[in-house]
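K.L.:
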Ligand code: ARG
């Protein structure tokens, strides 16, 4: 065949020496990974160029062969990028597709490229390079999302809203403070991303099939050329290890859980019943039958993406569980999980940043809700402790009676008269009303990390210095 591949029925050109016949059609189908691992073409070519350059420097192949190999690989790179490369399923995977094409382009010198390496260390290298690059992109995407949240938080450092526990009104907080809670979460995700990069920053190539090689290779040279801190230390571990993929997926899963919690809040906040925010048209859709509707589809999809991302983590954990050392073909199933999770995480983070930037915060609605539901009851109890010297447990009880009275009168705590309050406890004075408003309530919470606008502004400044 023109591309150097053999007809089905004859044995594999790359490893078929001891095989009399080719694979069954089903075998070919279950075995081939080219449908998805072609994504690794750039990493495969980079890895091969670094390997060939090292082989030449070590005198294992000639400089002339190395030049041909490098030139051929660069031609293949441009062929793939121009969409002119014909991927063949008979050649199983990206590694053999590229090597076979190299043979067609440069002849026998191509056969020297695979000296002192195996597809086992080759795939470990390619995939690690890909995951590392993806983590760098994730870092940037999270930084963008954090920036969007910091800007919203700054704009709304004084905007009061109800804080919830059990999704029941608890105490007034500021919307800025609420946004900053997500900054903390995505900030932790980003530091997990950085740790994962640091963890995986060791170069697999040169571990060969599993035992290393007798050729006098220089693994430090390839590690450096490919931007790794050092080569991996144990060749058996190197070809068996997919921790870098699992770490990517666990980082992605935790981040996806954060995204889905936020997405859920956006769905709730944008209902007419809550009405805390308005999503932009750019991030919502209409209904084909109900003209009044504006649906938070982007938030719902972000919430849903968590399912497949977390599913990918469970899938790969399950694939790896119980695999004996070293490489087993099971590990070929690692890539689709990671590719799918990466693609969807990227989308979800970008959609979330877009929604945050574009959303309109309905300050009046938030304020009205912040004041209802007796949200300043804790402030009354704290006042009784501070000003009237009551033990907190007694203050809690007295406040409960005040809440019951307000409930019975159908008003808020701040709307009770001084007489009403005095009838509950004689030590209550006029200045109790200073703490019963939502603004006074939030302004008083100046403890480190608290919701007071002054404190929230400090948190924002701290993060700005780290973003
Ligand atoms: N396509 C394979 C994978 O993704 C490459 C490694 C194959 N190694 C082997 N010994 N069959 O895992």
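Numbering (the numbering used here), first residue to last: -17 to 449.
Virtual Cβ for every residue (Gly too), placed ideally from N, Cα, C.
Small disclaimer: the values here were computed from a predicted structure and weren't measured.
To the nearest angstrom, how far is it from the Cα of residue 334 to the Cα of residue 446?
P.N.:
Start at 1 with the first residue of the chain shown, and residue 334 comes out as number 352. Start at 1 with the first residue of the chain shown, and residue 446 comes out as number 464. For residue 334 and residue 446, the distance between alpha carbons rounds to 19 Å.
K.L.:
Under a three-way DSSP split, which group does residue 184 fall into?
P.N.:
Numbered from 1 along the chain shown, position 202 holds the residue referred to as residue 184. DSSP places residue 184 in strand when its eight states are reduced to three.
K.L.:
Of the residues 254, 140, 279, which one's Cα is nearest the Cα of residue 266?
P.N.:
Taking the chain shown and counting its residues from 1, the one referred to as residue 266 is at position 284. Selected option, being the one with the closest Cα: 279.
K.L.:
Does residue 446 come out as helix, strand or coil in the three-state DSSP assignment?
P.N.:
Mapped onto the chain shown, residue 446 falls at position 464. Of the three classes helix, strand and coil, the one that applies to residue 446 here is helix, per DSSP.
K.L.:
Can you name the start and end residues of the beta strand (DSSP E) that residue 151 belongs to?
P.N.:
Position 169 of the chain shown, counted from the first residue, corresponds to residue 151. Looking at the DSSP string, the run of the beta strand (DSSP E) that includes residue 151 is 150 to 156.
K.L.:
Please state whether DSSP places residue 260 in a helix, a strand or coil.
P.N.:
The sequence position of residue 260 within the chain shown is 278, counting from 1. Three-state result, residue 260: strand.
K.L.:
Residues bridged to residue 143 by DSSP?
P.N.:
What you label residue 143 is simply residue 161 of the chain shown in a count that begins at 1. Answer is 155, bridged to residue 143.
K.L.:
Any heavy atom of the ligand ARG within a distance shorter than 6 Å of the CB on residue 102?
P.N.:
Translated into the one-based positions of the chain shown, residue 102 becomes position 120. Yes, the ligand ARG has a heavy atom inside 6 Å of this Cβ.
K.L.:
Comparing C-alpha positions only, which one of 27, 435, 3, 419 sits nearest to residue 52?
P.N.:
Start at 1 with the first residue of the chain shown, and residue 52 comes out as number 70. Ranking 27, 435, 3, 419 by Cα distance to residue 52 puts 27 first.
K.L.:
Assign residue 189 to one of two classes, buried (16 or more other C-beta atoms within 10 Å of its C-beta) or exposed (fewer than that).
P.N.:
Here residue 189 refers to the residue found at position 207 when the chain shown is read from its first residue. So residue 189 counts as buried.
K.L.:
What are the uninterrupted segments assigned as alpha helix (DSSP H) that are 4 or more residues long and contained completely in the region 297 to 361, given in chain order?
P.N.:
List check, alpha helix (DSSP H) in window: 316 to 340, 345 to 353.
K.L.:
Would you grab the beta carbon distance between residue 359 and residue 374 for me? Rounded to a whole angstrom, and I think it's under 8 Å.
P.N.:
The sequence position of residue 359 within the chain shown is 377, counting from 1. The sequence position of residue 374 within the chain shown is 392, counting from 1. Actually they are not in contact, since the Cβ atoms of residue 359 and residue 374 sit about 13 Å apart, beyond 8 Å.
K.L.:
Roughly how many angstroms separate the alpha carbons of residue 436 and residue 143, rounded to a whole number?
P.N.:
In the chain shown, the residue the question calls residue 436 occupies position 454. In the chain shown, the residue the question calls residue 143 occupies position 161. The straight-line gap from Cα to Cα measures roughly 16 Å.
K.L.:
Nearest to residue 326 by alpha carbon, out of 290, 159, 113?
P.N.:
Here the question's residue 326 lines up with position 344 in the chain shown. When only C-alpha atoms are compared, the closest one is 290.
K.L.:
What's the call for residue 89, buried or exposed, on a 16-neighbour Cβ count within 10 Å?
P.N.:
Taking the chain shown and counting its residues from 1, the one referred to as residue 89 is at position 107. That one is exposed.
K.L.:
Excluding the 5 residues preceding and the 5 following residue -6 in the sequence, name in chain order all residues of the same chain whose CB lies nearer than 6 Å to its CB.
P.N.:
Position 12 of the chain shown, counting from 1, holds the residue named residue -6. Hits under 6 Å: none found.
K.L.:
I need the boundaries of the alpha helix (DSSP H) containing residue 28, first residue and last residue.
P.N.:
Here residue 28 corresponds to residue number 46 of the chain shown, with the count starting at 1. 23 to 39 is the extent of the alpha helix (DSSP H) around residue 28.
K.L.:
Please report the straight-line C-alpha distance between residue 122 and residue 226, rounded to a whole angstrom.
P.N.:
Locating residue 122 in the chain shown gives position 140, where the first residue counts as 1. Locating residue 226 in the chain shown gives position 244, where the first residue counts as 1. Answer to the nearest angstrom: the Cα atoms are 19 Å apart.
K.L.:
Does the pairing of the region 290 to 303 with the region 331 to 351 give three or more beta-carbon distances under 8 Å?
P.N.:
The region 290 to 303, when compared against the region 331 to 351, does not touch it at the 8 Å Cβ threshold.
K.L.:
Would a C-beta distance cut-off of 7 Å place residue 161 and residue 135 closer than the cut-off?
P.N.:
One-based indexing of the chain shown puts residue 161 at position 179. One-based indexing of the chain shown puts residue 135 at position 153. Yes. Within cutoff.
K.L.:
Can you check whether the CB of residue 230 is closer than 7 Å to the CB of residue 164?
P.N.:
The count along the chain shown starts at 1 and reaches residue 164 at position 182. The count along the chain shown starts at 1 and reaches residue 230 at position 248. No, they are not a contact pair.
K.L.:
Would you list the residues sitting across from residue 277 in a DSSP beta bridge?
P.N.:
As a working note, residue 277 is residue 295 in the chain shown. The partner list for residue 277 (beta bridge, DSSP) reads 267.
K.L.:
Would the region 101 to 121 and the region 387 to 401 be scored as touching if the rule is three or more Cβ pairs under 8 Å?
P.N.:
Verdict: no, contact absent.
K.L.:
Answer yes or no: do residue 377 and residue 385 have a C-beta to C-beta separation smaller than 7 Å?
P.N.:
Numbered from its first residue, the chain shown carries residue 377 at position 395. Numbered from its first residue, the chain shown carries residue 385 at position 403. Cβ distance not < 7 Å, so residue 377 and residue 385 don't count as in contact.
K.L.:
Pairing CB atoms from the region 170 to 181 with CB atoms from the region 124 to 132, are three or more of them under 8 Å?
P.N.:
Taking 8 Å as the limit for Cβ pairs, the verdict is that the region 124 to 132 does touch the region 170 to 181.
K.L.:
Rounded to a whole number of angstroms, what is the C-alpha to C-alpha distance between residue 149 and residue 323?
P.N.:
Within the chain shown, the letter at position 167 stands for residue 149. Within the chain shown, the letter at position 341 stands for residue 323. C-alpha separation (whole angstroms): 30 Å.
K.L.:
Let me check understanding here. Comparing Cα to Cα, which of 152, 328, 203 lies closest to residue 36?
P.N.:
Along the chain shown, read from residue 1 onward, the residue named residue 36 stands at position 54. Considering only alpha carbons, the answer is 203.
K.L.:
Taking residue 414 as the reference, give the member of 424, 428, 349, 399 with the closest Cα.
P.N.:
As a first step, residue 414 is located in the chain shown; it is residue number 432 there, counting from the start. Checked all of 424, 428, 349, 399; the closest Cα to residue 414 is 399.
K.L.:
Tell me, please, which residues DSSP counts as bridged to residue 423.
P.N.:
Mapped onto the chain shown, residue 423 falls at position 441. For residue 423, which the question treats as bridged, DSSP gives no partner whatsoever.
K.L.:
Reducing DSSP to helix, strand and coil, say where residue 254 ends up.
P.N.:
Indexing the chain shown from 1 puts residue 254 at position 272. Looking at residue 254 - three-state DSSP - the assignment turns out to be coil, as it is neither helix nor strand.
K.L.:
Can you determine whether any heavy atom of the ligand ARG sits closer than 6 Å to the C-beta of residue 314, and answer yes or no?
P.N.:
The residue you call residue 314 lines up with position 332 of the chain shown. Correct: residue 314 has its Cβ closer than 6 Å to the ligand ARG.
K.L.:
Can you tell me which of the three DSSP states residue 462 falls into?
P.N.:
Any property of residue 462 remains undetermined from this structure, which presents the chain solely from -17 to 449.
K.L.:
Please look up how many angstroms separate the CB atoms of residue 151 and residue 355, rounded, as I've assumed it's under 8 Å.
P.N.:
Within the chain shown, the letter at position 169 stands for residue 151. Within the chain shown, the letter at position 373 stands for residue 355. The pair is a contact, with the Cβ atoms about 3 Å apart (cut-off 8 Å).
K.L.:
What residue does the alpha helix (DSSP H) around residue 67 start on, and which one ends it?
P.N.:
Taking the chain shown and counting its residues from 1, one reaches residue 67 at position 85. Taken as a continuous stretch (DSSP letters only), residue 67 belongs to no alpha helix (DSSP H), as it is neither H nor E.
K.L.:
In this structure, what does DSSP give as the bridge partners for residue 100?
P.N.:
As a working mapping, residue 100 is identified with position 118 in the chain shown. Its beta-bridge partners do not exist; DSSP assigns none.
K.L.:
In whole angstroms, what is the alpha-carbon distance linking residue 74 and residue 255?
P.N.:
As a first step, residue 74 must be located in the chain shown, where it is residue number 92. As a first step, residue 255 must be located in the chain shown, where it is residue number 273. Computed Cα separation, rounded: 56 Å.
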